[in-house]
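So the structure is just underneath, and the comments pick up after that.
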Amino acid sequence: MFAFALRCFIYRIKAALPEKLAGLPRTGFDVQDGAALGLPTSQASAQYGNDDKQLRLEIVDVGGLGQMAVMAMGMAQGEKEDQTSAEKTWQEGGRTLHQRYDKDGSHAEFKTILKNGLVVSIEGDKIGVKELRALMSQVDLNGLEGLQRKGKS
């Protein structure tokens, strides 16, 4: 029964990967279920793109390590900026958010740690961080947050 529940979980995070993102077709996906340091882990990722723009969406459940990530990122709020890039970590709506981008517009990434410890991230080339944040609305974050994670009863 436990193995069935794990398979259901991995299929649910795979189902959260949309067929299109920002109007770009999904060009590939990868779903894995395994263990790291003896703790159950799952991840689903998809690539989207065309000749002009490339995006990657990733949903990761690192089992018990997720709570450590939540605590670490939750305590490490702040900003960092130099001549070529900027990044910021902050809390919003009970979630931890992190963005990083190159000022020349060549690369950006945006991630959120959900209340249940799942990490959802979007990164892309030739796209701005504001556009990435808007794309996060195409992912069912509330549905993912409601999933019973592996190793949780």
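Residue numbers (the numbering used here): -16 to 136.
Idealized CB from N, CA, C, for every residue including glycine.
Closest residue to residue i among the options (Cα-Cα distance)
{"i": "S28", "options": "Q66, E92, I(-4)", "result": "I(-4)"}
{"i": "A5", "options": "D16, V103, L40", "result": "L40"}
{"i": "G76", "options": "E2, N125, Y(-6), P1", "result": "N125"}
{"i": "L38", "options": "F93, D123, L97, N99", "result": "F93"}
{"i": "I105", "options": "L0, Y(-6), K98", "result": "L0"}
{"i": "F(-8)", "options": "L7, G107, S25, D123", "result": "S25"}
{"i": "S89", "options": "S120, D65, G111", "result": "G111"}
Cβ shell of residue i (< 6 Å), same chain only, five flanking positions each side left out
{"i": "K109", "result": "K36"}
{"i": "L80", "result": "W73, T95"}
{"i": "E62", "result": "K71"}
{"i": "A117", "result": "none"}
{"i": "Y(-6)", "result": "none"}
Residue range of the unbroken alpha helix (DSSP H) whose run includes residue i
{"i": "V137", "result": "The structure shown does not extend to residue 137, since the chain is modelled only from -16 through 136, so no value can be given for it."}
{"i": "L115", "result": "112 to 118"}
Neighbourhood of residue i by C-beta, 8 Å cutoff - its chain only, sequence neighbours within 5 removed
{"i": "L101", "result": "I(-4), I42, V43, D44, G49, L127, E128, L130, R132"}
{"i": "L97", "result": "R78, V103, L124, L127, E128"}
{"i": "E64", "result": "E70"}
Boundaries of the beta strand (DSSP E) in which residue i is found, first to last residue
{"i": "K94", "result": "90 to 96"}
{"i": "G61", "result": "61 to 64"}
{"i": "T79", "result": "78 to 85"}
{"i": "K71", "result": "68 to 75"}
{"i": "L130", "result": "Unbroken run through L130: none, as it is neither H nor E."}
{"i": "D34", "result": "Taken as a continuous stretch (DSSP letters only), D34 belongs to no beta strand (DSSP E), as it is neither H nor E."}
{"i": "G100", "result": "Element bounds for G100: n/a, residue is neither H nor E."}
>> Does the stretch 79 to 86 come into contact with the stretch 28 to 39, if we say contact requires no fewer than three beta-carbon pairs (one atom in each stretch) closer than 8 Å?
In response: When Cβ pairs closer than 8 Å are counted between the two stretches, the stretch 79 to 86 is seen not to touch the stretch 28 to 39, the count staying below three.
> Residue ranges of each beta strand (DSSP E) run of no fewer than 3 residues wholly in the stretch -6 to 22, ordered along the chain?
Replying inline: Taking 3 residues as the minimum length, the beta strand (DSSP E) runs contained wholly in the stretch -6 to 22 are 7 to 19, in order along the chain.
> Would you say the stretch 60 to 70 touches the stretch 2 to 16, given that touching needs at least three Cβ pairs under 8 Å?
Replying inline: no
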